[in-house]
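**Student:**
Residue numbers (my numbering), protein chains in the order written: chain A, 30 to 253; chain B, 47 to 391.
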């Protein structure tokens, strides 16, 4: 306990970075996923193909690989950006593929009669999607999206591999007896307390997120 | 017009599901064509821009690709993929066994009582807290036994176990159900990276005098097994729950015990039903072997990075490795999708 309280500010800062990373990347991923999902149900085959290719690229590539690719590979083509930005971009691209699948399966739960009725009263494709299909689809994909949010929260720990000071990386450095923020040596090298503390953090936030997601899912579910 | 027919052909792979458009009229067709042209222009433009970036940054230069014209670099990466499969395969097997067991134990009839939840957490955190204590014992074994003598320790341990067992019995806590539920909920909520790096600090202390490679392998496999066994447990359990209760009742009626009804009647059906999702999770497990980079395990991602640093061709190495990953994982994903489609029929 002494070890935790002495380094509490460092750990809290790292936990905050983890939360920021996961929320930011999930928000961007949500936008990407929504666009790709609409592509995948659009009447235009080229767009459908593009959406399918994007999803299969993201679903069939490991996230740690993407992270390394973004950090070591892409800078050869463009400007150097910080590890944090790379992490947000790569995580949102990755989670975007999964979000697209979740929303698409939500779209497929909307009964055909809804779209037919929308067309019958003269709505265009984009109006049908925006006002009739998407609101329902979104609500019925809340369950999978909640799971994804939770998974994303756990996955962003991968960003530690490219030097982002999130929780898992920070607790590891602390455990080796170094303060990652100042770079100075601590008087002790105790890996277990820090690992346990971050374990507890993941448990608490993970359970909370799952509980909230389940609540929302039950509340928003469309009765059919 | 052939092209327009191709572009506007309805998506027959999802026949019976939501159809967002009907046969288009002439005006809508023209608009759809324009939209397609614009979208294609954007996509092709984007790709062309990337290619141009490659060109201007000299990433097409032949010396950067040269390593992949010979066998050596390929072999280096293929061995990396071999390591990926070695870790992922073992972890997948263990996760399947443990996960199915946990699912069966957790499916014991009746809901979990609050006192069972509390008991489960107590057991889990008790074990967790015991790890450092136990490790201190290993570390200090150099000298003579200090403090309480060995005999008394053994007596104390036996006493604690007996009291705990009596307590569980007295409170009518179903041990298997409680244990599996706690196990699944706790490890499912933990970041996989944390589990893997936790193993990397734990194993050198528990099993001293091994090589770094051994520790890397063991902690990667342990982490993957712990996490994915919980995921597979949930998948299998939802399979078990999807089997109508009439199956169990019929099995009990013809005289099977509850355990046998589960083993011979419910579980085979449940596993078959859960198979597509199990394969998806195994694919995901193989993807997550790339987290071996956290414990210096030399699987494909790590090897691609090494190869890139060594040859100064990071981008090229990652492109080759990415293609290998894609080819490997896509096979599993495709199998899962096929199975899913088969079941839907």
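We put the beta carbon where it would ideally sit given N, CA and C, even for glycine. Quantities reported herein were computed from a predicted structural model and do not represent experimental measurements.
(1) How would you list, in chain order, the residues of chain A whose beta-carbon sits under 7 Å from the beta-carbon of residue 354 (chain B)?
(2) Between which residues of its own chain and residue 37 (chain A) is the CB-CB distance below 7 Å, once the five residues before and five after are set aside?
(3) Express the C-alpha separation of residue 76 (chain A) and residue 86 (chain B) in angstroms, rounding to a whole number.
(4) Could you name the residues of the same chain whose beta carbon sits closer than 7 Å to that of residue 334 (chain B), not counting the 5 residues immediately before and after it, in chain order?
(5) Return helix, strand or coil for residue 89 (chain A), following the three-state DSSP convention.
(6) Output yes or no for whether 9 Å exceeds the beta carbon distance between residue 204 (chain A) and residue 177 (chain B).
(7) How would you call residue 229 (chain B), buried or exposed, if buried means at least 16 neighbouring beta carbons within 10 angstroms?
(8) Distance cutoff 9 Å, beta carbons only. Does residue 49 (chain A) sit that close to anything in chain B?
(9) Any beta carbon from chain A within less than 9 Å of residue 289 (chain B)'s own beta carbon?
(10) Do you know how far the Cα of residue 238 (chain A) is from the Cα of residue 161 (chain B)?
(11) Considering only DSSP beta bridges, list what residue 207 (chain A) is partnered with.
(12) Do residue 233 (chain B) and residue 303 (chain B) have their C-beta atoms within less than 9 Å of each other?
(13) Distance, Cα to Cα, residue 191 (chain B) vs residue 138 (chain B)?
(14) Give the secondary structure of residue 146 (chain B) by DSSP, where H, G and I count as helix, E and B as strand, and everything else as coil.
(15) Any C-beta of chain B sitting closer than 9 Å to the C-beta of residue 74 (chain A)?
(16) Starting from the beta carbon of residue 118 (chain A), find every residue of chain B whose beta carbon is closer than 7 Å, and list them in chain order.
(17) Report yes or no: do three or more beta-carbon pairs, one from the segment 175–189 of chain A and one from the segment 54–62 of chain A, lie closer than 8 Å?
(18) Figure out for me which residue from B:144, B:131 and B:68 has the closest Cα to the Cα of residue 154 (chain A).
(19) Please classify residue 349 (chain B): does DSSP put it in a helix, a strand, or coil?
(20) Classify residue 300 (chain B) as helix, strand or coil using the three-state DSSP reduction.
(21) Can you tell me whether residue 30 (chain A) is buried or exposed, with buried defined as 16 or more other CB within 10 angstroms of its CB?
(22) Within the continuous alpha helix (DSSP H) that includes residue 247 (chain A), where are the two ends?
(23) What ranges does the alpha helix (DSSP H) occupy inside the segment 49–123 of chain A, keeping only unbroken runs of at least 4 residues that lie completely in it?
(24) Check residue 36 (chain A) in the structure and name its three-state DSSP category.
**Tutor:** To lay it out plainly:
(1) Per Cβ cutoff of 7 Å: 101.
(2) So no residue of the chain qualifies.
(3) Taking the CA atoms as reference points, residue 86 (chain B) sits about 8 Å from residue 76 (chain A).
(4) So the qualifying residues of the chain are 238 and 270.
(5) In the structure shown, residue 89 (chain A) sits in coil (DSSP, three-state: anything other than H, G, I, E or B).
(6) Not closer than 9 Å, so no.
(7) Residue 229 (chain B) comes out buried.
(8) It does not; no Cβ of chain B falls within 9 Å.
(9) So, not an interface residue.
(10) Rounded to the nearest angstrom, the two C-alpha atoms are 23 Å apart.
(11) Under the DSSP definition of a beta bridge, residue 207 (chain A) partners with A:214.
(12) 9 Å or more divides the Cβ of residue 233 (chain B) from the Cβ of residue 303 (chain B).
(13) Bear in mind that a pLDDT of 48 at residue 191 (chain B), under 50, signals an unreliable position, so the model cannot answer this.
(14) Note: residue 146 (chain B) maps to helix in three-state DSSP.
(15) Closer than 9 Å to some Cβ of chain B, the Cβ of residue 74 (chain A) qualifies, so yes.
(16) What residue 118 (chain A) touches in chain B: nothing, since even the nearest Cβ is about 15 Å away.
(17) Short answer: they touch.
(18) Closest option to residue 154 (chain A), Cα to Cα, is B:68.
(19) Reduced to three states, the DSSP call for residue 349 (chain B) is helix.
(20) Taken through DSSP and simplified to helix, strand or coil, residue 300 (chain B) comes out as coil.
(21) Burial call: exposed.
(22) Under the DSSP assignment, residue 247 (chain A) falls in the alpha helix (DSSP H) whose first and last residues are 220–249.
(23) Fully enclosed alpha helix (DSSP H) runs of 4 or longer: 74–88 and 92–97.
(24) Coil.
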